[in-house]
Amino acid sequence: MTYATSFPGTSASGQQTTPIAAPNDQQPMCQNCGTSTTPLWRRDEAGSVLCNACGLFLKLHGRPRPISLKTDVIKSRNRVKNSGQPQKKKQSLFDSLPNSSHPTPRSENGTPPPGHRSVSPQSVYSRSGTPLPPPSHILDQTYLPGSPTLPSINTLNRPSPPPALTMDALLSDNSRLSAENSRLTTRVNELELVNDLFRTRVSELENSENSSKRAEICRREVEVQLRQHLEASQSREGELKRKLDEYERRLDDCERELSEYRGVSGRSLATPHSQKRLRVSDLTQ
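Shown next as structure tokens:
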């Protein structure tokens, strides 16, 4: 909403064709376009001073007036300009007729002033023979406030009575409005209850979804750990197998050497000379 503020240079009718400069002691300036010349100052909702163009643009479009629309020319409105002379009051038909209550001015010797045209009794009728309306004094005598031919002024000025509303109609309207209000209140309570149920259900689903996500994350972590343990155990198993194979090979070698030693020792006990020969042969070999 804009508030209009006028300065002494603005006319009462609002017609202004030349820019109005602000007084030297105030020097207001438009907060939007920065101009200080406008036929009418306005204010926005925040109280900022705006020129007439920016204020009208803000009121019509709801947004500030672009700077590209700024112009130094202020166009005048297409209004009918008064010439400064007061309009002549239209003469009524009764005013054009002579009035007996206002006597015609006369000169000192009783003759009418020059230029005055006397009205004959026959002037009541027009040239075509049609009777003209009676003078105003006849109307004044005929239609007086107390005349029985017309209603009183109080009767005419009295406003027409409104349609009568009985107490039953008022009570029925009140009861109907109360019933409608209670029905709407009940409906609102039902909708609030349904909304609360939906909100509770949504919160439960969100909690279950979060729980499932956390469980899935834990399952993946456990799976990764189990895979790591499996790989480590498989590597240890392979290492143990290699060691076992090596130990078995060494055991076989030891058993073979033991068997050979036993065989050699048995032969030496049976034939010691041959054992000596064997040893010599072993050395030669």
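Take the sequence shown: its position 243, counting from 1, is numbered 243 in UniProt numbering, and each next residue is one higher. The C-beta atom is built at its ideal place from N, Cα and C for all residues, glycine as well.
Secondary structure of residue i, DSSP reduced to three states
i: Asn42; result: For the record, residue 42 in the displayed sequence is Arg; it is not Asn. The answer is strand: DSSP assigns Arg42 an E or B state.
i: Ile74; result: coil
i: Gly266; result: helix
i: residue 344; result: Past the boundaries of the shown model lies residue 344; the chain is included only from 1 to 285, so the question cannot be answered.
i: Arg249; result: helix
i: Gly55; result: helix
i: Asn189; result: helix
i: Arg63; result: coil
i: Thr200; result: helix
i: Asn32; result: coil
i: Tyr143; result: Model confidence at Tyr143 stands at a pLDDT of 46, short of 50, so the residue's coordinates are unreliable; what they give is reported in the following sentence. Tyr143 falls in the coil class under three-state DSSP.
Beta-ladder partner(s) of residue i, from DSSP
i: Leu50; result: Arg42
Closest Cα partner of residue i within the set the options
i: Arg65; options: Cys51, Thr37 and Arg227; result: Cys51
i: Phe57; options: Lys70, Arg219 and Glu257; result: Lys70
i: Asp72; options: Thr35, Arg183, Leu251 and Asn195; result: Thr35
i: residue 290; options: Ser233, Lys75, Leu230 and Glu180; result: Any question about residue 290 goes unanswered here, given that the chain covers just 1 to 285.
i: Ser68; options: Met29, Cys54 and Glu239; result: Cys54
i: Val49; options: Leu40, Gln31 and Val188; result: Gln31
beta-carbon residue i near the ligand SAH non-hydrogen atom, thresh 6 Å
i: Asn207; result: No copy of the ligand SAH appears in this structure; indeed no ligand is present at all.
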